[in-house]
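> Below is a structure I'd like to ask you about.
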Amino acid sequence: MKKLLIIAVAALMATFCAYAQGGSVKPYFSAEELPNGILWLPSPPDSTSTQFVYDITQYVWGKSIRDTERGQQAIAHGAIQVADMAALFSEPFGLFISEKTTPAIFRLLNRAIPTFRLSVTEPKSVYMRKRPYVLFNEPTLIPADEEVLRDTGSYPSGHTIRGWGVALVLCEVNPSHQDAILKLGYEWGQSRVIAGYHWQSDVDASRMMAAAVFARLHTNADFLADMAAACAEYRRLMGN
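Note that the numbering used here has the sequence shown beginning at 5, numbered continuously upward.
Here is the structure:
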């Protein structure tokens with residue numbers, strides 16, 4: 005009963021955060037309507053497994069490149085606000101995305117991003133996996149977030165599902181730039197390993213969750229209408 009209560013509270017908080025992130029915009033689905041990762045995702049690797057050895061290896065790799073240009077990129081990829089993410093994905097997308105310049109594309113992202121994030125609420129609450137920096141009691145690349153995230157679950161990664169989700173959505177709007185968009189979406193997840201906030205297996209699990217949510221989104225009439233409007237807007241702005 006206590007575990008169910010914790011999950012319910014976490015789901016409510018995630019929904020509140022989703023609304024706060026997107027203003028008054030409602031996610032396309034509630035957490036309960038989205039694919040349940042508890043039922044099909046693998047559990048986080050056991051500390052005695054070879055998978056966890058790989059997680060540690062990746063953590064060490066991430067720390068080794070923090071003091072580089074790639075480390076600076078990892079800091080930027082800590083963004084969670086829709087406007088900030090849209091701006092960062094604009095370069096590979098080939099068009100500046102904002103609420104003012106591309107309202108239809110922005111509206112699509114504004115509802116899709118919190119929807120993707122909602123799907124990892126229950127797995128995070130159930131597993132409550134310790135984040136790398138908490139386990140090793142070491143600093144991260146983004147100190148300002150350490151206290152806020154210290155007691156939150158690491159598996160799967162909320163930042164990763166946002167980044168990979170945005171990449172999947174934007175690839176459908178502009179498939180001609182899919183490789184560049186997917187490259188940033190991939191790097192967005194790896195940045196969480198570099199920053200010390202997530203294990204590699206957290207990131208990998210979120211990419212699977214994003215794919216599942218993306219498929220589910222295509223059963224939602226509002227999403228399909230918003231996607232059609234975003235594609236039409238892109239074609240118009242590009243003169244196609």
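Each residue gets a CB set at the ideal place from its N, CA and C atoms; glycine is no exception.
Any idea what DSSP makes of Gln25, helix, strand or coil?
One-based indexing of the sequence shown puts residue 25 at position 21. Note on Gln25: pLDDT 43, under 50, position unreliable in the model; the coordinate value appears next. Helix at Gln25.
> I'd like to know if the stretch 123-134 and the stretch 32-50 are in contact, where contact means that at least 3 CB-CB pairs between them fall below 8 Å.
A contact exists between the stretch 123-134 and the stretch 32-50.
> Whole-angstrom Cβ separation of Gly162 and Val124, contact assumed at under 8 Å?
Along the sequence shown, one-based indexing puts residue 162 at 158. Along the sequence shown, one-based indexing puts residue 124 at 120. About 6 Å; that satisfies the 8 Å criterion.
> Assuming contact is defined by CB atoms lying nearer than 8 Å, are Ala229 and Ala108 in contact in what I supplied?
The residue labelled residue 229 in the question sits at position 225 within the sequence shown. The residue labelled residue 108 in the question sits at position 104 within the sequence shown. No. Outside cutoff.
> Since I believe Glu103 is in contact with Phe93 (beta carbons under 8 Å), could you give me their beta-carbon distance rounded to a whole number of angstroms?
To locate residue 93, count along the sequence shown from 1; it is residue 89. To locate residue 103, count along the sequence shown from 1; it is residue 99. 14 Å between Cβ atoms; not a contact.
> If you run the structure through DSSP and keep just helix, strand and coil, what is Pro48?
Counted from its first residue, the sequence shown places residue 48 at position 44. DSSP places Pro48 in coil when its eight states are reduced to three.
> Could you spell out where the alpha helix (DSSP H) holding Trp203 opens and where it closes?
Taking the sequence shown and counting its residues from 1, the one referred to as residue 203 is at position 199. Trp203 -> no alpha helix (DSSP H), and no H or E assigned at all.
> Can you grab the Cα-Cα spacing for the pair Asp208 / Leu139, in whole Å?
Residue numbering aside, residue 208 sits at position 204 when the sequence shown is read from its first letter. Residue numbering aside, residue 139 sits at position 135 when the sequence shown is read from its first letter. Between Asp208 and Leu139, the C-alpha separation is close to 19 Å.
> Taking 8 Å as the cut-off, does the stretch 140-148 touch the stretch 111-121 (at least 3 CB pairs, one atom from each stretch)?
The stretch 111-121 vs the stretch 140-148: no contact.
> Please classify Glu103: does DSSP put it in a helix, a strand, or coil?
Within the sequence shown, the letter at position 99 stands for residue 103. Coil.
> Do you know how far the Cα of Thr223 is from the Cα of Ile117?
Here residue 117 is taken as the residue at index 113 of the sequence shown, counted from 1. Here residue 223 is taken as the residue at index 219 of the sequence shown, counted from 1. Going from the Cα of Ile117 to the Cα of Thr223 covers about 16 Å.
> To test your reading of the DSSP string, which unbroken alpha helix (DSSP H) runs of 4 or more residues are found completely within the stretch 127-201?
The qualifying runs are 136-140, 150-153, 162-177 and 182-199.
> Tell me whether Ile10 sits in a helix, a strand or coil according to DSSP, three-state version.
By one-based count along the sequence shown, residue 10 stands at place 6. Reliability of the predicted coordinates at Ile10 is poor, the pLDDT of 37 falling under 50, and the value obtained from them is presented with this limitation in mind. Note: Ile10 maps to helix in three-state DSSP.
> When DSSP labels each residue in this structure, what does Thr119 get in the three-state scheme?
Here residue 119 is taken as the residue at index 115 of the sequence shown, counted from 1. Note: Thr119 maps to helix in three-state DSSP.
> Please identify the residue among His202, Ser53 and Val177 whose C-alpha is closest to the C-alpha of Arg239.
Position 235 of the sequence shown holds residue 239. The option with the nearest alpha carbon to Arg239 is Val177.
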